[in-house]
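Visitor: Chains as they are written, first to last, in the numbering used here: chain A, 8 to 395; chain B, 176 to 378; chain C, 8 to 229. Structure provided below as structure tokens; questions to follow.
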Amino acid sequence: MTISTTEKIEGWNTPPVITPDSEGELLEVAMGPHHPSTHGVFRMDVALDGERVIRLKPIFGYLHRNHEKIAEGASYLAAMPYTDRLDYFCSLTNNWAYALAVETLVGQAVPERAQYLRVILAELTRVQNHASSIGFLIQEMGASGTPLMYAFKEREKILDLFEELTGSRMMCNYMRFGGCRVDASEAWLNDTRKVVAGLPKFVDEFENLLSSNEILMARCQGVGILSRELAVNAGVTGPMLRASGVNYDIRKVDHYGIYDRFSFRVPLGEHGDVYDRYMMRILEMRESIHILEQALKEVPGGPVMDAKAKIRGFRPKPGEAYGRIEAPKGELGFYLISDGGPNPYRYRIRPPSLINLTILEDMCLGSNVADVVLIFGSVDIVLGEVDR
Amino acid sequence: MVDKQLNIELGKQGVFVTTIEELYNWGRRSSVWPMQFGLACCAIEMIATTMARYDLARFGAEVFRPSPRQADLMIVSGTVTKKMAPQVVRLYNQMAEPRYVIAMGACAISGGPFKQGYNVLKGIDRYIPVDVHIPGCPPRPEALLQAFMALQKKIDEQPLTGPGRPRHLDAEAQGEFPVPEQGEHDLEPTSNKGVWTVPVVIR
Amino acid sequence: MKSVEEIKAAIEAAVPGARVSVVENPSVSGQRSLRLGHAHAVEVAKFLRDDAELALDFLSNVSGVDWPDKEIAEKVKVTKTVTKTVDGVEQQVEEVVEETRKRTEPGYLEAVYHLYSMSKKHGPVILRMRTANRTDEVEMPSLTSIWRSADLQEREIFDLFGIVFTGHHDLRRLLMWRGFKDHPMRKDYVEPDDFEYEPTAHDEVLQRAQEHQAAEQKGEGA
């Protein structure tokens, strides 16, 4: 896929301006920060002409918790529990992204067993994140809670696995620079195999209830279309990008971890609307289950932490590194600058949720207010990551 | 208060003896409707508490109301930032008495792991009165259930007359709490002196 | 993918007059970057995006970095005339003396751009732009007209660091509220003093807590 001409992109550095149909003042509504459907404390100042959206300005910062500033005052390892709280649904992938960035900075190797455990935990995280995300999307459509209950039922099983291994349901704080914190017992691996064996049935049940549902199709198809060129230019990543038809999955591009050993497909969407993004998450759940089945068959023995990894007095040499992974929400990257001291000099998080929201206005203009909630839900954001 | 044994005997005959206070509080505590107010990570554990595994509805919290006017309980779950603090106080002001606040999680109690932040409010009890605090980061759903039960016990023990009576029966109780302004460097005032006093450290 | 030097040569060939220099990266990651001058930055960015070989169509990350003024103390060997007694007689002698000279290297604010290519699946290519100083000359050209993904990220850098991006269509604060005056991520930012209580205080926090306690007690006593 190549971008053909620059003329197509020229008009996209600002959101388009549309003219209202009727004369008179526009109705200005503040959706949020306390709103039943905004996934947290997020505010959108919407100007309406009847039901049509003429202008939409998102306002961020209601959950700005100064993660980057705190990490500059804390050592590299002390910043690891804060990464749990970034995208609080997927704490293990956040941990991996940070560990990967630091390992890129110092050139740290990771033993085999740790690599397998990382992949298994990351894919479990992806499954529960996509299930919850679909659950929340359907809840915003009006099915108050039932698909979410199905999603959370599976999520509880996966959280039980996390708790057994890492000690905590959500804030796992499990990855370290050079491996993982504790080893997984054979009993845990057997429990995981049992849970993974039950996952395809859950995804089938979920799809059965939802994918050919009339209301879902009527409300989601053709809504919030994001064109391929705008998606690439706006830095959108993750399922939202692939729903617009761009084949870019960092697991396949960067070859990080041991993803090269597993065969999995990258689903692509055609239209880039809300229905495609919903289907993207269902298909990615199936691919994740496929990776899990392959990985669980061949977990090797050995240590989970590199013997030469420096834990105490960790002072990387001066320099910088940017490490990124395919988190369930998109590309999660960490940019670290080290000045030779025990604390990072600059600790920057590349938040997929914030950057995916760059074109929220473009997608919502001209559609109804009810569609705004759906489009926003299909972007699948977590406020902890948007505001850090 | 009627003797317990006598109560049971009378109950066998089909006669139910109680006080108005007990009855009133029983009705109040068995139908506390929380407001949908999730801020951050603790909100996910709150949602998990309402899901099928740790059902909160069986304790009376049947529906989570989105509107503060229709809610009895505000579960402040997650970090309250200085940008969000005025809205939290405004929402609290809009709730009708009797209203209760549960500060869920370390961030709502005192700022939590983000306490050093320039944008983090060091605890929601600086501006509004809090009834139950739940420590944890995030607290388990069982902890939220225990806090809910503690709140129910607190409601049970509120007398109808006298100094300990609930605020909606007290004509002089403070209804509106002042909303902080967002100043140039910080919130103004940094705390509500009537609600929160600086704890004195005794070593 | 081309190396950093080859990219520099390609830029200099395509955009004459562009100032590009290679910035080394001593760490193992080997991610070296290119520093751009402000004058032709937008044209260089356009070339990088539209070039058939590079096709860097994906701006992944824009970070701000604050480099405060550095005080460098150097030991310099200087020849000076010194009065010394030689054989009992006071004389003026030329001698080589070591002196410590202090100079301040001016600080600057920096924006770092990480570029990847979605069509060619290569990257990262890292660009840097620096402001002249940290106080009054804090402008930098905005690359939002080339890559839309810089939109919100440049707003955040304006909010937290204070770099003013010229050519940005809507430069307002992103994360802090509208009336906020400081730029919090700078290294010399002083946090507001709302830290009245700290259970295990030490160092400066203990000092501040003690000052607050003294003020409270004085307030009660008076």
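All C-beta atoms in this analysis are idealised placements derived from N, C-alpha and C, irrespective of residue type, glycine included. These numbers come from a predicted model, not from an experiment.
1) For V386/A, which three-state DSSP category applies?
2) Would E117/C be called buried (16 or more neighbouring beta carbons within 10 Å of its own) or exposed?
3) Could you tell me which chain C residues have their CB closer than 7 Å to the CB of D394/A, listed as they occur along the chain?
4) Give the residues from the region 178-197 of chain A that approach chain B closer than 9 Å (Cβ to any Cβ), ordered along the chain.
5) Considering just the uninterrupted stretch of the beta strand (DSSP E) at R135/C, what are its terminal residues?
6) Step through the CB atoms of chain B and report whether any lies within less than 8 Å of the CB of D195/C.
7) Label N101/A either buried or exposed according to how many other C-beta atoms from any shown protein chain fall within 10 Å of its C-beta, with 16 as the threshold for buried.
8) In chain order, what are the residue ranges of uninterrupted beta strand (DSSP E) at least 3 long that sit wholly in the region 272-317 of chain B?
9) How many angstroms separate the CA atom of V396/A from the CA atom of M183/C?
10) Determine the direct distance from the alpha carbon of D306/B to that of E332/B, and round the result to whole angstroms.
11) Using C-beta distances below 7 Å, list every residue in its chain close to M292/A, excluding the 5 sequence neighbours before and after it, in chain order.
12) Please name the residue, chosen from I164/C, V171/C, E144/C, that lies closest to P113/C on a Cα-to-Cα basis.
13) Let's test the definition: count the other Cβ atoms within 10 Å of the Cβ of F341/A and tell me whether it reaches 16, buried, or not, exposed.
14) Skipping 5 residues on each side, what residues in its chain have a beta carbon closer than 7 Å to that of A81/A?
15) Does the separation of the CB atoms of M312/A and N180/A fall below 8 Å?
16) Using 8 Å as the limit for Cβ to Cβ distance, is G186/C near chain B?
17) Report all residues from its chain with a CB closer than 7 Å to the CB of Q188/B; omit the five preceding and five following residues, and keep chain order.
18) Flag Y293/B as yes if its beta-carbon sits less than 8 Å from any beta-carbon of chain A, otherwise no.
19) Based on Cα-Cα distance, which residue from P23/A, R162/A, N220/A lies nearest to V203/A?
20) Do P65/A and L364/A have their C-beta atoms closer together than 8 Å?
21) Pull up the DSSP beta-bridge partners for V27/C, would you.
22) Is DSSP giving G189/B helix, strand or coil here?
23) Pull the bridge partners of S252/B from the DSSP assignment, please.
24) Would you report the Cα separation of R288/A and V389/A, rounded to the nearest angstrom?
25) Starting from the C-beta of E19/C, find all residues in its chain whose C-beta is less than 7 Å away, skip the five residues before and the five after it, and write them out in chain order.
26) Shortest alpha-carbon distance to V370/B belongs to which of P241/B, Y275/B, Y302/B?
27) Using 8 Å as the limit for Cβ to Cβ distance, is V373/B near chain C?
28) Rounding to the nearest angstrom, what Cα-Cα distance links H1/C and G252/A in this structure?
29) Given a limit of 8 Å on CB to CB distance, which residues of the region 229-242 of chain A reach chain C?
30) In three-state DSSP terms, what is C371/A?
31) Given a limit of 7 Å on CB to CB distance, which residues of the region 114-125 of chain A reach chain C?
32) Starting from the beta carbon of Y157/A, find every residue of chain C whose beta carbon is closer than 7 Å, and list them in chain order.
33) Quick check on the DSSP output: the beta strand (DSSP E) that includes A118/C runs from which residue to which?
34) Please classify L319/B: is it buried, with 16 or more other beta-carbons within 10 angstroms of its beta-carbon, or exposed?
35) Could you round the C-beta distance between S34/C and G326/A to whole angstroms and report it? I think they count as a contact, below 8 Å.
36) In chain order, what residues of the same chain lie with their CB nearer than 6 Å to the CB of P209/B, ignoring the 5 residues before and after it?
Guide: In short, the structure shows the following:
1) helix
2) buried
3) L182
4) M178
5) 132-137
6) no
7) buried
8) 275-279, 307-309
9) One cannot answer for residue 396/A here, as it falls past the ends of chain A, which runs 8 to 395.
10) 13 Å
11) V134, H137, A138, V210
12) E144/C
13) buried
14) N350
15) no
16) yes
17) none
18) yes
19) R162/A
20) yes
21) L43/C
22) coil
23) G213/B, M279/B
24) 16 Å
25) A25, V27
26) Y302/B
27) yes
28) What is shown of chain C runs 8 to 229, which leaves residue 1/C out entirely.
29) L237, V239, N240, A241, G242
30) helix
31) G114
32) Residues of chain C passing the Cβ test: none, with the nearest at roughly 34 Å.
33) 115-123
34) buried
35) 2 Å
36) A236, F239, L248, I250
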